[in-house]
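Residue numbers (our numbering), protein chains in the order written: chain A, 1 to 658; chain B, 659 to 1171.
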């Protein structure tokens, strides 16, 4: 037994450090190693990590291993606080490890085809392997320090990968924007961590989770302002959630995600759809023992998620860039996950995170397949009827679209339906509002998904002649990952829902007795097919169908309807087109404002007040003095040495006299 | 115990004598000889750090490797040396940085190389002297003397506007020095009144135990504060730094940023906090306020700089704000919790921030130096797309920029992290304001990186840039390893100063009144 534990500990280490090692080797040698070497090394490292992660999952699920907490090393000790680096492996972590390594592995393989002609080929593989390392550090952390380390590491890789094509002005702008917006969230996150250290005296999960009930019972309050007290747990949870809002792109910190589409498509799939952006969702689920003690924070989470879900879905309908449509869809789906967190349905949130990871990675990689086939064309209005040329991409994209809209039996159906039912059953004040949004968003999801699908794969060909001549299905390295992702996009929902409702997560997620827990009884589960059949009679299903029909009507049958609506509601249209003005505000008020204040401080504070009035004022009088002294010596330097020695002698004399 | 190896004296006199020796070499024909000699001396000094650390007992806050002999016996002035957990890391940093400056001069300095190297070696000895001096007058001597080589470096190898910069530097420092001296003399008189033994009347450690009334402490605090605040530099006595950096040659900037600024922080640890704990407590709110101004106001000023060196100089001021913040939030933490061990985090954070800032700012100034050697410009607008022609440089620059941003895994994170954790213990809003550096620091640093490194090739000059040569790569690798090591495993550094930090907290908790 002990040797087995030791082996599992070592496995965890290997899983994390294989991608790091591969990345470092490829990164340092990025100008000397061959392309084949770079992709073989990183693909095998991440692939191996995937299989080993499956092994750990198997040990946890089928062999009754309860999970473990292992310490790697002591990062530092300051006063009475000891900061550790270590892993917490339980069913939540193991599931995340499998998802992360699987998607990453698929993306690695896909990249071989997608980045074939890119001069930065080796560098790209080094980056995505390093990203995998960072993401694994994040999900496997057993303490807040390491969580923050992984959190920032994936943020850094996102920054470097969005700006991967560093000659493009738009790409490096987007990368900077992504980093800075994320940093706003990180400030909240860091304050949350500081609060945890203050109230719990430790940053290790186990001691924090252990002591939380005591803190809640004690009811510590934090004075934010005069006469304004907040409970400590609420402050901690909201601060941490602000971090999640940055990483998981919740309104108003969502602005970086659509722009991040400037990066190469494989990373849009890996980082900006499947893994990194879900880090916030994962984090809140991991912190469920804390969030459960703050109704205020849960309501806040619920409202933010609901706003994001609806408002970002609407924007997806008016976008014309294939990747941006999917990006807005990601934002909206992240909203679903956050809503699930808000109603304490952490399991459902992670469930949707998983199914979303599969079908959204699939949609992005499918979009990438279309984009390279059309020589980096991303405007859907310059595509059309691609089903004729790219059958595999067509079929897999159809699967992805059905999964995304939540068509019964597809994976997205189960996870989304679960969320809708949990919101319905919730008793939080904000849940009525959220319920209307989760149901209404089903229509919008279906609408933008099938708008994209119909315009790209059906309708008439709008490509130029040159493109049509070369148009063909993408190579196997591209479509094999599509197929491999299409499989879980169909079956993952049906496979996982039963274990989930039967308590898969065990004690890795905590739900307060006052809140409704996700169990078989709470959703009246009678089997996956019964659930699908039942889904057919539900409102969400018909709203979804209505969405598809609307898309069909507007973009295939009656092309003039959307144009008419555009004219009729031109104000609304321009609000949507301007993305509610968030970017305008940031780029025209916030950023110039900060620079303006900086400039005023510099010119007025430093230059005028301190330098001109203070220093140079006295310098002028000294200057007159030094003119006199200058006669004795050749330069200012020697004055100084002279003054020093003279002063020193004077001191000695004075001391001797006293 | 009486006869120990005079290791600390070696740290002082080996480079000074070596430097003077270099001056005797002829300018022509002996350039490579002088480079070689300087390199050997720098390497030996760094090598001496090994016995220094190995022989150092981190379990005690007492001074170690002590040496003492009378200097000006009639006045009780001694040549007294010793190190504790605060001085050892600073000595190592000093030796490391001098080696880097010597390495950097291999490629970039062609003019009067002997004098250049000599100035830096002498500088090294004097700086080590200040970090190990236990006698106040000895400290003062080193403190003042090190300005001479620094002036020479800026004055002889500096830029166009060096006269203005040095006069400004002179004005600020002069004021501080006078007050420092007066404070020392006052303490000496008090010590003599107390009837201390003649070998104790200028001893800094003896000063720590002098009973002083609150009003005396306040005056002493102000005198010391002006001296040290100029060096760190704190708002509003910081404006000499950007000018000095802009005019200084690369090596000068490196030493200025990496070591000279730390003299100020060291002064706080060695003089202000232990000698005037009650006045420090009284003035803590004010110092914390000034530190926050440094962090926020200076960060905003940094944002609009167009000269890379000025930008990094301003960013230094902002980062040094964390040092003073860390030192003075200790009082806030002690107020809200009586547990001394929870306040250590402020001292530790400040110390780590000093060491880390030494590496990071030096690395960034060296990067600017590398670009300046090739393009003779430091203006951001003259660059753009450097990564196209200098990919290796761009990778290192990125790493150092990220350390400046305080990314976890780099040294820049550790100090800021500890100080922010400590600040929360003192007051919620302190942590939030200090935390804005996360956003502002990233803004000015990465915006500069974006405009300098990324983008398409901006000009013909950028298009013909040559990437790093082996010596430059070696420098950057050394710095990169130091930054990553400190970021991934700061435990050894924290362990080294553990006892000294605890001791300082005890001193602070003991009122002199």
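Where is the CB? At the ideal position from N, CA and C, for every residue including glycine. Everything numeric in this text was worked out from a predicted model, so none of it was measured.
Ranking B:1023, B:951, B:1163, B:1048 by CA distance to the CA of residue 1036 of chain B puts B:1023 first.
Taking the Cα of residue 972 of chain B as reference, the smallest distance to any Cα among B:1014, B:896, B:1165 is reached at B:896. Counting only the Cα atoms, residue 750 of chain B lies some 20 Å from residue 738 of chain B. Within chain B, 1078, 1093, 1096 have C-beta atoms less than 7 Å from the C-beta of residue 190 of chain A, given in sequence order. Under the three-pair Cβ rule at 8 Å, the segment 238 to 246 of chain A counts as touching the segment 182 to 189 of chain A. Residue 747 of chain B is not a Cβ neighbour of residue 781 of chain B, given a cutoff of 7 Å. Straight-line measurement puts the Cα of residue 993 of chain B at about 22 Å from the Cα of residue 866 of chain B.
Residues of the segment 70 to 85 of chain A that bring their beta carbon within less than 9 Å of a beta carbon in chain B comprise 73, 74, 75, 76, 77, 78, 79, 80, 81, 83, 85, in sequence order.
In the DSSP assignment, residue 321 of chain A forms a beta bridge with A:379. Within the model, the alpha-carbon separation for residue 26 of chain A versus residue 112 of chain A is close to 15 Å. When DSSP assignments are scanned along the segment 385 to 449 of chain A, the uninterrupted stretches of alpha helix (DSSP H) that are 4 or more residues long and fall wholly within it turn out to be 391 to 405, 411 to 425. Assigned with DSSP and collapsed to three states, residue 756 of chain B falls in helix. Between residue 203 of chain A and residue 144 of chain A, the beta carbon gap of about 4 Å places them in contact (Cβ cut-off 8 Å).
For a Cβ distance threshold of 8 Å, nothing in chain A lies close to residue 1103 of chain B: the least Cβ distance comes to about 10 Å. Counting every other CB atom within 10 Å of its CB across the protein chains shown gives residue 375 of chain A a total below 16, marking it as exposed.
The distance from the Cβ of residue 325 of chain A to that of residue 319 of chain A is about 5 Å, consistent with a contact at the 8 Å cut-off. A contact between stretches requires three or more CB pairs, one per stretch, nearer than 8 Å, and the segment 333 to 352 of chain A meets this requirement with the segment 433 to 443 of chain A. From the listed residues A:414, A:238, A:541, the smallest Cα separation to residue 298 of chain A is found for A:238. For residue 228 of chain A, the enclosing beta strand (DSSP E) covers residues 228 to 231. Using a Cβ-Cβ distance cut-off of 8 Å, the segment 410 to 429 of chain A and the segment 375 to 389 of chain A are not in contact, since fewer than three pairs of beta carbons, one from each stretch, lie closer than that value. Chain-order list of chain B residues neighbouring residue 602 of chain A: 959, 962, by C-beta distance under 7 Å. With 16 or more other Cβ atoms inside 10 Å of its own Cβ, residue 311 of chain A counts as buried. DSSP places residue 84 of chain A inside the beta strand (DSSP E), whose first and last residues are 81 to 89. Under a 10 Å Cβ-count criterion, residue 577 of chain A is classified as exposed, with fewer than 16 other Cβ atoms of the shown protein chains found around its own Cβ. Under the DSSP assignment, residue 66 of chain A falls outside any alpha helix (DSSP H); it carries neither an H nor an E label.
When rounded, the separation of the alpha-carbon atoms in residue 676 of chain B and residue 779 of chain B is 7 Å.
Linking residue 834 of chain B to residue 1153 of chain B through their CA atoms gives a straight-line distance of about 33 Å. Chain order gives the chain B residues near residue 610 of chain A as 894, 897, where near means a beta carbon separation below 7 Å. Apart from the 5 residues on each side of it in sequence, residue 1130 of chain B sits with its Cβ closer than 7 Å to the Cβ of 765, 1028 in its chain, given in chain order.
Within chain B, 1079 have C-beta atoms less than 7 Å from the C-beta of residue 197 of chain A, given in sequence order.
Identification of chain A residues near residue 988 of chain B by a Cβ-Cβ cut-off of 9 Å yields none; the smallest Cβ-Cβ distance measures about 11 Å.
Contact holds between the segment 22 to 40 of chain A and the segment 122 to 138 of chain A, because three or more Cβ pairs, one in each stretch, are under 8 Å apart.
Collapsing the DSSP output to three states places residue 725 of chain B in a strand. Cβ neighbours of residue 541 of chain A within its own chain (closer than 6 Å, five residues either side excluded): 535. For residue 225 of chain A, the beta-bridge partners assigned by DSSP are A:228.
Using beta-carbon distances, residue 1065 of chain B counts as an interface residue toward chain A, with a partner under 7 Å.
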